[in-house]
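Chains X and D, in that order, are what the protein sequence lines are.
0 is the number of the first residue of the first sequence in our numbering; add one for each residue after it.
10 is the number of the first residue of the second sequence in our numbering; add one for each residue after it.
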Amino acid sequence: MKLFKTLAVSAAVALASTSGAATAGTLEDVKARGELNCIVTTGVAGFAAPNDAGRWEGFDVDFCRATAAAVLGDANKVKFVPTTGKTRFTALNAGEGDILYRNTTITMSRDADLKLTFLGVNYYDGQGFMVPKALGVTSAKQLDGASVCIQTGTTTELNLADYFRANNMSYEPVTIETNEEGQVNYLAGRCDVYTTDASGLASTRGSFDNPNAHIILPEIISKEPLGPAVRQGDDAWADTTRWVLNVLIEAEELGITSGNVKQHASKAGNNPSINRIAGTEGSYGEMIGLDKQWAVRAISAVGNYGEIFERNIGVNTPLGLARGLNAQWTDGGILYAAPAR
Amino acid sequence: MSSAIEEGKTYEPGTYPDLPPPASTVGIIGWVRENLLSSTANIVLTILAAYLIWVVVPPSLNWLFFNAVFEGASRDECRAVMNEAGVKGACWAFIGHRFELFVYGFYPEAERWRVNVSFFLMLAALVPILYDKTPQRGRMMIGSAIAPFVIGWLLIGGLGLEPVPTDKFGGIMLTLVIGVTGIVGSLPLGIALALGRASHLPALRMVCVVFIEFIRGVPLITLLFVASTMLNYFLPPGTTFDLLLRVLIMVTLFASAYLAEVVRGGLQAIPKGQQEAADSMGLKYWQSMRLIILPQALKISIPGIVNTFIGLYKDSTLVIIIGMFDPIGVGRASLADTKWQGLSTEVYVFVAIFFFISCIAMARYSLYLEKKLHTGH
Numbered sequence: 000m001k002l003f004k005t006l007a008v009s010a011a012v013a014l015a016s017t018s019g020a021a022t023a024g025t026l027e028d029v030k031a032r033g034e035l036n037c038i039v040t041t042g043v044a045g046f047a048a049p050n051d052a053g054r055w056e057g058f059d060v061d062f063c064r065a066t067a068a069a070v071l072g073d074a075n076k077v078k079f080v081p082t083t084g085k086t087r088f089t090a091l092n093a094g095e096g097d098i099l100y101r102n103t104t105i106t107m108s109r110d111a112d113l114k115l116t117f118l119g120v121n122y123y124d125g126q127g128f129m130v131p132k133a134l135g136v137t138s139a140k141q142l143d144g145a146s147v148c149i150q151t152g153t154t155t156e157l158n159l160a161d162y163f164r165a166n167n168m169s170y171e172p173v174t175i176e177t178n179e180e181g182q183v184n185y186l187a188g189r190c191d192v193y194t195t196d197a198s199g200l201a202s203t204r205g206s207f208d209n210p211n212a213h214i215i216l217p218e219i220i221s222k223e224p225l226g227p228a229v230r231q232g233d234d235a236w237a238d239t240t241r242w243v244l245n246v247l248i249e250a251e252e253l254g255i256t257s258g259n260v261k262q263h264a265s266k267a268g269n270n271p272s273i274n275r276i277a278g279t280e281g282s283y284g285e286m287i288g289l290d291k292q293w294a295v296r297a298i299s300a301v302g303n304y305g306e307i308f309e310r311n312i313g314v315n316t317p318l319g320l321a322r323g324l325n326a327q328w329t330d331g332g333i334l335y336a337a338p339a340r
Numbered sequence: 010m011s012s013a014i015e016e017g018k019t020y021e022p023g024t025y026p027d028l029p030p031p032a033s034t035v036g037i038i039g040w041v042r043e044n045l046l047s048s049t050a051n052i053v054l055t056i057l058a059a060y061l062i063w064v065v066v067p068p069s070l071n072w073l074f075f076n077a078v079f080e081g082a083s084r085d086e087c088r089a090v091m092n093e094a095g096v097k098g099a100c101w102a103f104i105g106h107r108f109e110l111f112v113y114g115f116y117p118e119a120e121r122w123r124v125n126v127s128f129f130l131m132l133a134a135l136v137p138i139l140y141d142k143t144p145q146r147g148r149m150m151i152g153s154a155i156a157p158f159v160i161g162w163l164l165i166g167g168l169g170l171e172p173v174p175t176d177k178f179g180g181i182m183l184t185l186v187i188g189v190t191g192i193v194g195s196l197p198l199g200i201a202l203a204l205g206r207a208s209h210l211p212a213l214r215m216v217c218v219v220f221i222e223f224i225r226g227v228p229l230i231t232l233l234f235v236a237s238t239m240l241n242y243f244l245p246p247g248t249t250f251d252l253l254l255r256v257l258i259m260v261t262l263f264a265s266a267y268l269a270e271v272v273r274g275g276l277q278a279i280p281k282g283q284q285e286a287a288d289s290m291g292l293k294y295w296q297s298m299r300l301i302i303l304p305q306a307l308k309i310s311i312p313g314i315v316n317t318f319i320g321l322y323k324d325s326t327l328v329i330i331i332g333m334f335d336p337i338g339v340g341r342a343s344l345a346d347t348k349w350q351g352l353s354t355e356v357y358v359f360v361a362i363f364f365f366i367s368c369i370a371m372a373r374y375s376l377y378l379e380k381k382l383h384t385g386h
């Protein structure tokens, strides 16, 4: 009995001290390590995937690199930790990564129950349906009894159940692990419908031999604000990373690009908002544990939000996504970053 | 030669010259009649099989080779070439562009020679172990014993070499690292566990039984998951130890539990008289095990052991769950590249060929070993 007690006590101590270590300064840990551990997907087209040479590329990947550039001064000092939909939060909470950029929908339960701190939205998405044209379906309301390919461990799974229940319809789930698997199953006819975020549907459809044989139904059945997250309980690190995201979005609004950011940084201009980001006015970097040039490094490494978007998922890429909701608020979108001041 | 028969001549019994067998029972015709057309049922089966081959093989060959595209920078280029010819085939350009990723994973390009050297070192180290007629086998064995350390140093670096973190390991190289380490580590451990389970010492037996039953009662995927994420909760703060090392340990433990049971089966097949004979010769426990029991038990267990090894080798693909990229992981991640999206068949065919070659090699070697050790009783 005594042995068990001793064991239990030492386990409790170990646990307590582990969580203690996790709360003590991720920023310092990252700086000391000289490398940012960024949790990404095992591969989602346009968002994160290794290229032919094995270098990670994509929308989420660029935000990781921007964070590394701001914190460590080098956009290449990132270790990418690939995770599946099911393992991502465990990996973050277990300390395998410092930050999670993995097209993750912000939800109340993830925020509160899974003990995450979300930093903001980097992509506004929504769940849609794709069906073969031959099926003759024109609305999601006609999908009663359909078999649906659905990724496990995602919010899309829950949205699907909600939507069908609310409309008194039934469906037969065909569960899959990755987007790529869904594509194969859908093309092989093992499910009538493929559902995932609209951005994913567009890219999947774009890769088909005959994209015109498939249609994306007009209904968008959910809000999917995708955003980065860090572990709960380290507010300083959350601040640092949140403002990297905000400043990339604001940079686009202010017209700061990877091309002209150095110029802005070399001499203070007339626009105080630009000066604050370029580090020529105030000491905003110090507030988040970094130096004056933090935003300049981030922007010159990967560009502003618009540049990141166009390079990875924009209309000129195979994904061909329009800005839509993800345009700046000044351009009719809902991208509205808090000002760096 | 007196094989020629003279027309009209009669022969005494017993002096008739040897004749060649009738043409219809030898050569290709004979073989076909014997094996394919010997009965009605056989004829029906032959026709069915021929039809199946006709249906399956030519389209597969067309897809694999004749209509396939080997050059191109993206899937669209592949598609353009095929559309022009009006055919459908594989787009091997994809695998070609990604080949190095498939082989080396994320290992830094400038350091890849180290992987190559390690590979040949491994082959060289395996020769004296696998082939008992190697010249100077004793001395070569010493080399084989040192080789794993040299290979470890080459792959990980340090001591004058650029260090490469193990999260850069990937692709075929990762499969080999996990597979070979697992196999080499689990064999001695498995034998020890089997002996422990058959031991007369209750405490030792208990420990071995609990270990084996626990590991066999838990899926490998759970062990890997525990290794990758849960371990951090239990270890004292500040200690991180390498993810690959954790995986290697888990895979080795997992395989050793299965091996232990295979070897135990072999041990039980040895007649009791063998042990008693060894005892009566005055051999100590280890002597009798090493000289009498184990050589016979292991020989019986070869098919089971190789079975476990092949299973372990293929199970290494599960590491994708914890974010390590084996060839399948590399393939899946490659499919997320917008340039190559949707070419999953090519990826899986390629990976299947790789695993088939490795596994068939292991299986053939085990057959060779069985034949060599066959003592005819």
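We treat Cβ as the ideally placed atom computed from N, Cα and C, and that holds for glycine.
What you are looking at is a predicted structure, and each value in this text was computed from that prediction instead of being measured.
Just to make sure I have the definition right: I need the residues of chain D whose C-beta is within less than 7 Å of the C-beta of residue i. Which are they?
{"i": "N50 (chain X)", "result": "D346"}
{"i": "F207 (chain X)", "result": "G351"}
{"i": "G45 (chain X)", "result": "T347"}
In whole angstroms, what is the alpha-carbon distance linking residue i and residue j?
{"i": "L168 (chain D)", "j": "V271 (chain D)", "result": "40 Å"}
{"i": "A119 (chain D)", "j": "V90 (chain D)", "result": "34 Å"}
{"i": "V243 (chain X)", "j": "A345 (chain D)", "result": "26 Å"}
{"i": "N166 (chain X)", "j": "K140 (chain X)", "result": "7 Å"}
{"i": "F111 (chain D)", "j": "I362 (chain D)", "result": "13 Å"}
{"i": "C217 (chain D)", "j": "A203 (chain D)", "result": "8 Å"}
{"i": "K308 (chain D)", "j": "G199 (chain D)", "result": "15 Å"}
{"i": "V314 (chain X)", "j": "A160 (chain X)", "result": "32 Å"}
{"i": "A10 (chain X)", "j": "P245 (chain D)", "result": "With a pLDDT of 49 at A10 (chain X), under the threshold of 50, the modelled position of that residue is not reliable, and the figure given next carries that caveat. Answer to the nearest angstrom: the Cα atoms are 9 Å apart."}
{"i": "I230 (chain D)", "j": "V256 (chain D)", "result": "11 Å"}
{"i": "L35 (chain X)", "j": "Y322 (chain D)", "result": "32 Å"}
{"i": "I155 (chain D)", "j": "I192 (chain D)", "result": "17 Å"}
{"i": "I319 (chain D)", "j": "L99 (chain X)", "result": "36 Å"}
{"i": "S310 (chain D)", "j": "K281 (chain D)", "result": "17 Å"}
{"i": "A21 (chain X)", "j": "G94 (chain X)", "result": "With a pLDDT of 45 at A21 (chain X), under the threshold of 50, the modelled position of this residue cannot be trusted; read the value that follows with caution. Taking the straight line from one Cα to the other gives about 7 Å."}
Answer yes or no: does any C-beta atom of chain X fall closer than 7 Å to that of residue i?
{"i": "R273 (chain D)", "result": "no"}
{"i": "G105 (chain D)", "result": "no"}
{"i": "R341 (chain D)", "result": "yes"}
{"i": "S208 (chain D)", "result": "no"}
{"i": "Q145 (chain D)", "result": "no"}
{"i": "S353 (chain D)", "result": "yes"}
{"i": "L110 (chain D)", "result": "yes"}
{"i": "Q350 (chain D)", "result": "yes"}
{"i": "F115 (chain D)", "result": "yes"}
Going by Cα to Cα distance, which pick from the options is closest to residue i?
{"i": "N50 (chain X)", "options": "D:T231, D:R107, D:L240", "result": "D:R107"}
{"i": "G119 (chain X)", "options": "X:G319, X:G284, X:N269, X:D238", "result": "X:D238"}
{"i": "C190 (chain X)", "options": "X:V70, X:V173, X:K261", "result": "X:V173"}
{"i": "V186 (chain D)", "options": "D:P174, D:P197, D:G161", "result": "D:G161"}
{"i": "A44 (chain X)", "options": "X:K291, X:V60, X:E280", "result": "X:V60"}
{"i": "S353 (chain D)", "options": "D:V64, D:R84, D:R146", "result": "D:R84"}
{"i": "A344 (chain X)", "options": "X:T41, X:V70, X:V246", "result": "For chain X, the structure presents residues 0 to 340; residue 344 (chain X) sits outside this window and is missing."}
{"i": "T82 (chain X)", "options": "X:V192, X:V39, X:M107, X:A65", "result": "X:V39"}
Which residues does DSSP pair with residue i in a beta bridge?
{"i": "A201 (chain D)", "result": "Answer by DSSP bridge pairing: none, since A201 (chain D) is not bridged."}
{"i": "Y123 (chain X)", "result": "X:P224"}
{"i": "L170 (chain D)", "result": "D:G167"}
{"i": "S202 (chain X)", "result": "According to DSSP, S202 (chain X) bridges with nothing at all."}
{"i": "D353 (chain X)", "result": "Any question about residue 353 (chain X) goes unanswered here, given that chain X covers just 0 to 340."}
{"i": "F74 (chain D)", "result": "Note: F74 (chain D) sits in no beta bridge, so no partner."}
{"i": "L99 (chain X)", "result": "X:I38, X:A228"}
{"i": "P29 (chain D)", "result": "BP columns for P29 (chain D) are empty, so no partner."}
For residue i, which residues in chain X fall below 9 Å Cβ to Cβ?
{"i": "G95 (chain D)", "result": "By Cβ distance, chain X contributes nothing, its closest Cβ being about 13 Å from G95 (chain D), past 9 Å."}
So that I know if they touch, is there some Cβ in chain D lying closer than 7 Å to that of residue i?
{"i": "A13 (chain X)", "result": "Legend: pLDDT at A13 (chain X) = 47, less than 50; position of this residue unreliable, value from coordinates given subsequently. So, interface residue."}
{"i": "N27 (chain X)", "result": "In the sequence under discussion, the amino acid at residue 27 (chain X) is Glu, which differs from the Asn named in the question. Chain D contact via Cβ: absent."}
In chain D, which residues lie less than 9 Å from residue i when you measure between Cβ atoms?
{"i": "N89 (chain X)", "result": "Going by the sequence as given, residue 89 (chain X) is Thr instead of Asn. The contacting residues are F234, S237, T238, M239."}
{"i": "E306 (chain X)", "result": "Correct list: empty, because the minimum Cβ distance to chain D is about 17 Å."}
Applying a beta-carbon distance threshold of less than 8 Å, which residues of chain X neighbour residue i?
{"i": "I331 (chain D)", "result": "T86"}
{"i": "L382 (chain D)", "result": "Ordered by position in chain X, no residue passes the 8 Å Cβ test against L382 (chain D), which lies about 43 Å from the chain."}
Can you list the residues of chain D that residue i reaches, using a CB-CB cut of under 8 Å?
{"i": "A133 (chain X)", "result": "What A133 (chain X) touches in chain D: nothing, since even the nearest Cβ is about 19 Å away."}
What does residue i reach in chain X if we use C-beta pairs closer than 7 Å?
{"i": "G338 (chain D)", "result": "T41"}
Along chain A, in chain order, which residues have C-beta atoms closer than 8 Å to that of residue i?
{"i": "S202 (chain X)", "result": "Reference to chain A is not applicable here, since the protein chains of this structure are X and D."}
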